[in-house]
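Quick mapping for you: the protein sequence lines, in order, are chains A and B.
The first sequence begins at 383 in my numbering and counts up by one.
The second sequence begins at 383 in my numbering and counts up by one.
Worksheet: the structure to be examined is printed underneath.
2 protein chains.
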Amino acid sequence: MTLIDDKSINTTPISSLGEFGLIERLTKDFKCENKSTIKGIGDDCAVFKGAKNYKLLSTDMLVEGVHFDLSYTPLKHLGFKAVAVNVSDICAMNGRTSQLTISIAVSNRFSVEALDELYSGIKLACKEYSIDLVGGDTTSSLSGLVISVSVLGEVDPKKITYRDGAKVNDLLVVTGDLGAAYFGLQLLKREKEIFKENPNVQPDLSGHDYALNRQLKPEAPVKYLKILEELSITPTSMIDISDGLSSEALHISKASNVGVSLQENKIPIDYTIMNLASEFNLNPIAYALSGGEDYELLFSINQKDYDKLKKDPDFTIVGYVTDISVGNNFIATDGSIHPLTAQGWDGMKEQ
Amino acid sequence: MTLIDDKSINTTPISSLGEFGLIERLTKDFKCENKSTIKGIGDDCAVFKGAKNYKLLSTDMLVEGVHFDLSYTPLKHLGFKAVAVNVSDICAMNGRTSQLTISIAVSNRFSVEALDELYSGIKLACKEYSIDLVGGDTTSSLSGLVISVSVLGEVDPKKITYRDGAKVNDLLVVTGDLGAAYFGLQLLKREKEIFKENPNVQPDLSGHDYALNRQLKPEAPVKYLKILEELSITPTSMIDISDGLSSEALHISKASNVGVSLQENKIPIDYTIMNLASEFNLNPIAYALSGGEDYELLFSINQKDYDKLKKDPDFTIVGYVTDISVGNNFIATDGSIHPLTAQGWDGMKEQ
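Printed below as a string of structure tokens:
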């Protein structure tokens, strides 16, 4: 229909640019001119001047069928997760989340009781992380559920951690362990397929609580910030691990203008996930590098802080920062060196 | 499918509560406990402590097929409108917008060039209102386009205008004129139907620029705040007119615990809209009261400020505030008094 002349004729597919390429293209001409804006696009949060502290703002959109499948995602867990993944972005700036808005678009196949369940999860997360729900929008959708969350937080200007502060010889540290959320998702998908083929077969999810919880009810990495504060460590750079360790390490590399090297034998993977990977006949390291949805933190520290955290089992040193000329590398257990890519590392291609 | 026990069995349809009833139900158990939260849910924006000023936050979600129809909405205009309607919420608090995040979910029928068009409109609005785009999210959608916008603004604590400050004997004032956006939409819908029936007929939209612009490219009511400041008027309460004058007047009534009376013969309607209403055989007053999407401001002022603005054609006094016992009334030109309802007034039912 051409009621109004529309120049937007279909030519370049979005997929040809990828998410980060698309964002870069769409936002490259925007400049920040307000004095209160300290940091715009390009980190986990935008940063503004506040009273004493800096204010942080981040936003995320979750789309049914893209980010979640309601055939195996309880709505209460989904509500919790929608909040937690946003809190994770505030954590990545070394900040504390204070307020939240939730907008939802829902089709008429959802009942009021279904939304009650969703909001009970949101409420649980608000309570756990001491966040005030202060606004939002509720509207219709023609198909499925869309959830958009915005979070506000704050951080001491002396303690804020951007992606761009990593220095040569810093150590790279991750919290917790990696890959579990990915394998949790594979389990749920497998059981869904079995169920579709034969609805009389009961799903077998027993013994996999850890992987399932990491997928369905991830926690924001708030506790690690507390430990870092107690240890008097301020990371030189930080990012949350939502797309996989290698993708995040590359973000730090690009923003900080340094090289990053990750060591295969250091990457922390829970033993139940090792077993599960072997059950799926998949390389656990590849999915620790690229599986996504871990919501752990990747950060860099000055070597002088090494002694403070080396004995803490919450943290694992997974690599180090080099001069940019060294490039971004994955050092395999056998000592061979591979270029690190956003898809994990070359080993992924062998899967 | 029952991989996980889901308590959300479909019982109460969402439509049985309505938007405001649903929001009230979903959010009633949430309490604000952070010291920095000054106002949570229940006004045009959430309000926080800032450095000197208060910070404002508002969010809105626009869904294809619900809020816009791309067969007659140019993407550039849509981008502009998505920003303007959020700026309008900041205006309703007597604030100035400073930052913005945009999240979009798009299906693969959209090209990169189509998104360029959308963002060119967003950019135009950011320039016009001096706003920094500071973040967002870009994701896939299985069907259509969803746009979620969050805006941050600020306001002098002495000048902030909530919905709850209207006092008995205050005057009710609207900016600009009402109903045009609704009739612009009717025009576009009519031409779409004609086009569907016979694609060879050229759409006839000539002579209707005002109504079409008000629908497709609404301006945020920023200029009126400047005039109010020059006139040294701080409204006692304020709200933006997105759902229609009567719905907004009832929000002020409820929040301020007062009655509101609107006078039919005072409601400002552009003469081109009077003509258009007559062409559609519709009562223009009914749609000025309930058409929606005007993005004008409704505010209350103390009578002492009457002389300051009575000669300014930007403002029209449309009614007054009474004791709550008087109720909410629509006073027709013939002097008859009708209960004011969110659907307009009883006269609507005769349409």
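Built from N, CA and C at the ideal position, the CB exists for glycine as well.
None of the values given here were measured: they were computed from a predicted structure.
Worksheet entry | Closer than 8 Å at the beta carbon, the chain B residues around E415 (chain A) | Here the neighbours are S512 and D514.
Worksheet item: Name the chain A residues that come within less than 7 Å of T394 (chain B), Cβ to Cβ?
Response: Contacts between T394 (chain B) and chain A, judged by CB atoms closer than 7 Å, involve S493, V494 and E495 in chain order.
Item to complete: Tell me whether the beta-carbon of V700 (chain B) lies closer than 8 Å to the beta-carbon of I542 (chain B).
Response: no
Item to complete: Note down the Cα distance separating D411 (chain A) from K505 (chain B), rounded to an integer number of angstroms.
Response: Each residue's alpha carbon lies about 8 Å from the other.
Worksheet item: Would you say the beta carbon of V533 (chain A) comes nearer than 7 Å to a heavy atom of the ligand SAH?
Response: As for the ligand SAH, it is missing from this structure, which has no ligand bound.
Item to complete: Indicate whether at least one CB of chain A lies closer than 8 Å to the CB of D716 (chain B).
Response: no
Worksheet entry | Of the residues A:S614, A:F681 and A:Y669, the one placed nearest D689 (chain A), counting alpha carbons only | A:S614
Fill in: F681 (chain A) beta carbon less than 8 Å from that of V494 (chain A)
no
Worksheet entry | Among B:F565, B:P581, B:S470 and B:P617, the one whose alpha carbon lies nearest that of R596 (chain B) | B:F565
Worksheet entry | Nonlocal neighbours in the same chain, by C-beta distance under 7 Å from F450 (chain B), ignoring five residues either side | Result list for F450 (chain B): L444 and L460, in chain order.
Worksheet item: Can the beta-carbon of A602 (chain B) be found less than 8 Å from the beta-carbon of Y511 (chain B)?
Response: yes
Practice prompt. Look up R491 (chain B) in the DSSP assignment and say whether it is helix, strand or coil.
Written response: coil
Practice prompt. Quick one: using the 10 Å Cβ neighbour count with 16 as the cut-off for buried, is S588 (chain B) buried or exposed?
Written response: exposed
Practice prompt. Take every Cβ of the region 626–633 of chain B, pair it with every Cβ of the region 570–582 of chain B, and state whether three or more of those distances are shorter than 8 Å.
Written response: No, the region 626–633 of chain B is not in contact with the region 570–582 of chain B.
Worksheet item: How about T479 (chain A) and G517 (chain A): do their beta carbons lie closer than 8 Å?
Response: Contact: no.
Worksheet item: Is A724 (chain B) close to chain A, meaning its C-beta is less than 8 Å from at least one C-beta of that chain?
Response: Under the Cβ distance rule, A724 (chain B) does not count among the residues neighbouring chain A, no pair being separated by less than 8 Å.
Worksheet item: Given a limit of 8 Å on CB to CB distance, which residues of the region 612–630 of chain A reach chain B?
Response: none
Discussion item. With a threshold of 8 Å between beta-carbons, can R407 (chain B) be considered close to chain A, or not?
Written reply: yes
Practice prompt. Return the bridge partner residues of R478 (chain B) from the DSSP annotation.
Written response: B:E536
Discussion item. Pairs of beta-carbons, one from the region 713–722 of chain B and one from the region 641–654 of chain B, closer than 8 Å: are there three or more?
Written reply: Output reads yes: the region 641–654 of chain B touches the region 713–722 of chain B.
Fill in: Cβ contact check for the region 518–535 of chain B and the region 526–535 of chain A: 3 or more pairs under 8 Å
yes
Worksheet item: CB-CB under 8 Å to Y677 (chain B), same chain, minus the five flanking residues each way: which ones, in chain order?
Response: For Y677 (chain B), where only same-chain residues beyond five positions count, the Cβ hits under 8 Å are A466, V467, S470, A563, P600, E601, A602, P603, D622, I623 and S624.
Item to complete: Return helix, strand or coil for S397 (chain A), following the three-state DSSP convention.
Response: helix
Worksheet item: Can you tell me the Cα-Cα spacing of S390 (chain A) and A668 (chain A), whole angstroms?
Response: In this prediction, S390 (chain A) scores a pLDDT of 47, lower than 50, which makes its location untrustworthy; no coordinate-derived value is stated.
Fill in: C-beta neighbour in chain A for Y669 (chain B), strict 8 Å
no
Discussion item. Among A:S643, A:N657 and A:N665, whose alpha-carbon lies nearest the alpha-carbon of I719 (chain A)?
Written reply: A:S643
Discussion item. Could you tell me the alpha carbon to alpha carbon distance between D426 (chain B) and I683 (chain A), rounded to whole angstroms?
Written reply: 43 Å
Worksheet entry | For D388 (chain B), three-class secondary structure by DSSP | Unreliable positioning characterises D388 (chain B) in this predicted model, as indicated by a pLDDT of 48, which lies under 50. The coordinate reading is nonetheless provided below. Looking at D388 (chain B) - three-state DSSP - the assignment turns out to be coil, as it is neither helix nor strand.
Discussion item. Going by DSSP in three states, Y688 (chain B) sits in which element: helix, strand or coil?
Written reply: helix
Discussion item. With a threshold of 8 Å between beta carbons, is Q481 (chain B) in contact with chain A?
Written reply: yes
Discussion item. Suppose you measure from the CA of P695 (chain A) to the CA of G709 (chain A); what does that come to, to the nearest Å?
Written reply: So the alpha carbons of these two residues sit roughly 29 Å apart.
Discussion item. Once the 5 residues before and after S489 (chain B) are set aside, which same chain residues still bring their CB inside 8 Å of it?
Written reply: Leaving aside the five residues that flank S489 (chain B) on each side, the residues in its chain whose CB is nearer than 8 Å to its CB run, in chain order, S522, S523, L524, S525, G526 and L527.
Worksheet item: How big is the Cα-Cα spacing for G400 (chain B) and E406 (chain B)?
Response: Rounded to the nearest angstrom, the gap between the Cα atoms of G400 (chain B) and E406 (chain B) is 10 Å.
Item to complete: Taking only beta-carbon positions, decide if L506 (chain B) is within less than 8 Å of chain A.
Response: No, its Cβ sits nowhere closer than 8 Å to a Cβ of chain A.
Fill in: Reduced DSSP secondary structure (H/G/I, E/B, other) of S440 (chain A)
Note: S440 (chain A) maps to strand in three-state DSSP.
Practice prompt. Assuming A724 (chain B) and S629 (chain B) form a contact by the criterion Cβ under 8 Å, report the distance between their Cβ atoms to the nearest whole angstrom.
Written response: Right, their Cβ atoms sit about 5 Å apart.
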